[in-house]
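Novice: Quick one: the structure is below, and I'll ask about it shortly.
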Amino acid sequence: MADFVDRRYAAVRSLAAESLITAEQPVVGIIDTEAVETQIEALSWAFSSIPDTIHLVACKAVTLVPLLRFLADRGMGVEVASPGEFAMAEAAGFPPERIVLDSPAKTVPEIRHCLTVGAAVNIDSYQELARIEELRAEIDTRSVIGVRVNPVVGSGSIGEMSTATTTTKFGIPLIDEESRQALVDTIVARPWITQLHVHSGSQGVGLDLAAEGISRIVSLAESVTEGAGFQQITRIDIGGGLSVNFGSDEITPTFHTYAEVLERAVPELFSGRYTVLTEFGRSLLAKAGSIATRIEYTKNVGQRAFAIGHAGAQTATRTVFMPQAWPLRVSAFHADGTPSRNPNRIQDLAGPCCFSGDMIGREFVIPGLDPGDIALIHDTGAYYFSTPFAYNALPRIPVYAYTSDGSTAKFTCIRRQQTVAELLAEAGEDVRL
Ligand SMILES: Cc1ncc(COP(=O)(O)O)c(C=O)c1O
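So in full-length UniProt numbering, the last one in the sequence shown is 433, and the numbering has no gaps at all.
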């Protein structure tokens, strides 16, 4: 079996050979399905000592139905956070019992649909709890009802990605003993609440901090057991949030390392008393994906060398707006998709958008990029294809899934490039004022 890096080299060669990266389609996302499969296996193996698990993928990381279907077919569930994501989950064929709805702003129609089809839901606030209580009286539902708890363990290294602080909008917070007891009493009074959920944040949340958050909700579950006189909470949803190493091809930390940390910090999770749900996104998918962009021009500005390509804020939105938090690696290829043999140069890689900050990164030390060359931006399989930014009316980039024997790659288009006609229609072409 060809290794991951060989498959990626083969994919760039085949992109060029099959004219999938051209002047008309100068930026392309690619995703290695074998790498995704390897991560699914790593995830289920890491948690295999827990008798009952449901591994969900966070839909927001991958809003592409063919890929979601690929995950559904391999036994995964899905965590969704909007009506659009819910519809994608259903279109991809996830059975309702493997769908979990999380969102801080669920509308009545959204909750009604969730309860009607029997997907699980994590309540995010006391007001939502009251809404669900009313709707349950009306709908005969099979849905598992959970509560998202903010364990208030503090922030990881990216404040905007941290959700277990005193300043986050997510979940019902355990601010002090009083708020904790109020939540226990609320749950005990409603035996239909059987699941607790925590997600302390994404990228930048350390393993120990995440484990501490999970430990606090497991202890909350045990307080509910004491209050109820029986084990009311039977499912613990530990969220996602395992960080990705964007600095090299190494997968670190691994799911296995995370599971080991959890087993030490929260042994009850592994006791068999709970069904354990996970909701990983980035750690499942990031390393499987890359963005290939043609270099259109190069120029020097004083001492600074720029290569200007077609991947910018429209697809690498977080990297462009928060470069320190989301740095990406880049490799250089000739136009025929072979690794560049040019001498190394220090250069900045810019995107196509009309604002100065539209940079993939600065001062890359890579083989000098020339017009027509291909720059490959690594580790973009999660969030980069699902989070387009519609600036400058740039089209959503096309995405191809690939398999490879290490010498060539076979592509399946899973999202074509948005057409100019579609852009015009979205822009209200038909409307006259
Ligand atoms: C509730 C919830 N679960 C899971 C995830 C997935 O996180 P990650 O992609 O870091 O694994 C997120 C991400 O925002 C989330 O909000």
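Think of the CB as a built atom: it goes at the ideal place given N, C-alpha and C, for glycine as much as any other residue.
(1) Heavy atom of ligand 1 less than 6 Å from the Cβ of R282, yes or no?
(2) Counting Cβ pairs, one atom from each stretch, are 3 or more of them under 8 Å apart for the segment 15 to 32 and the segment 306 to 314?
(3) Exposed or buried, which one is S157 when buried takes at least 16 other CB atoms within 10 Å?
(4) Measuring CA to CA, which of F47, A137 and R180 is closest to T116?
(5) Per DSSP, S290 forms a beta bridge with which residues?
(6) Compare the C-alpha of P66 against each of G213, G93 and E160 and name the closest.
(7) Look up Y402 in the DSSP assignment and say whether it is helix, strand or coil.
(8) Between E363 and chain C, is any beta-carbon pair separated by less than 7 Å?
(9) Is DSSP giving F364 helix, strand or coil here?
(10) On the three-pair Cβ rule with 8 Å, is the segment 268 to 280 touching the segment 321 to 337?
(11) Report the option in V152, V205, G118 and Q127 whose CA atom is closest to the CA atom of S143.
(12) With DSSP as the reference, identify every bridge partner of S331, one or two as the case may be.
(13) What do you reckon, is the C-beta of E79 under 6 Å from a heavy atom of ligand 1?
(14) How long is the line joining the alpha carbons of R432 and E426, rounded to whole angstroms?
(15) State the start and end residues of the unbroken beta strand (DSSP E) segment that holds F411.
(16) Closest to S82 by CA distance: which of D73, I346 and P104 is it?
(17) What did DSSP end up calling G201 once you bin it into helix, strand or coil?
(18) Are the CB atoms of G213 and P151 within a distance shorter than 7 Å?
(19) So, using beta-carbon positions, are A382 and A286 closer together than 7 Å?
(20) For N392, which three-state DSSP category applies?
(21) Under the three-state reduction of DSSP, which class applies to P173: helix, strand or coil?
(22) L376 to H334, Cα distance in whole Å?
(23) Apart from the five residues on each side of it in sequence, which residues of its chain come closer than 8 Å, Cβ to Cβ, to P191?
(24) Could you check how far apart the C-beta atoms of A42 and T278 are, in whole angstroms? I think they sit under 8 Å.
(25) Contact defined as beta carbons within less than 8 Å: I believe G406 pairs with R7. What is the distance between those atoms, to the nearest angstrom?
(26) Hey, which unbroken runs of the alpha helix (DSSP H) at 4 residues or more fall wholly within the segment 207 to 265?
(27) Where does the unbroken alpha helix (DSSP H) through F70 begin, and where does it stop?
(28) Below 7 Å CB to CB, which residues in the same chain sit around A23 once its five sequence neighbours on both sides are set aside?
(29) Measuring from the CB of H113, is there a heavy atom of ligand 1 at a distance below 6 Å?
(30) Could you round the C-beta distance between G428 and I374 to whole angstroms and report it? I think they count as a contact, below 8 Å.
(31) Could you check what DSSP says for V78 in three-state terms: helix, strand or coil?
(32) Once you ignore the five residues that flank V5 on each side, which residues in its own chain have a CB closer than 8 Å to its CB?
Specialist: According to the structure shown:
(1) yes
(2) yes
(3) With fewer than 16 other Cβ atoms within 10 Å, it is exposed.
(4) Taking only the C-alpha atoms, the option nearest T116 is A137.
(5) I30
(6) G93
(7) strand
(8) Chain labels in this structure do not include chain C; a single protein chain is all it has.
(9) DSSP places F364 in strand when its eight states are reduced to three.
(10) no
(11) Per the Cα distances, G118.
(12) L376
(13) Under cutoff, so the answer is yes.
(14) When rounded, the separation of the alpha-carbon atoms in R432 and E426 is 14 Å.
(15) A409 to R415
(16) P104
(17) strand
(18) yes
(19) yes
(20) helix
(21) strand
(22) Each residue's alpha carbon lies about 11 Å from the other.
(23) A228 and Q232
(24) Not confirmed; about 12 Å, so no contact.
(25) In this structure, G406 and R7 form a Cβ contact; the two beta carbons are roughly 6 Å apart against a cut-off of 8 Å.
(26) Counting only unbroken stretches of 4 or more residues, the alpha helix (DSSP H) elements lying wholly within the segment 207 to 265 are 207 to 228 and 255 to 265, in sequence order.
(27) V65 to D73
(28) For A23, where only same-chain residues beyond five positions count, there are no Cβ hits under 7 Å.
(29) no
(30) Actually they are not in contact, since the Cβ atoms of G428 and I374 sit about 35 Å apart, beyond 8 Å.
(31) strand
(32) D249
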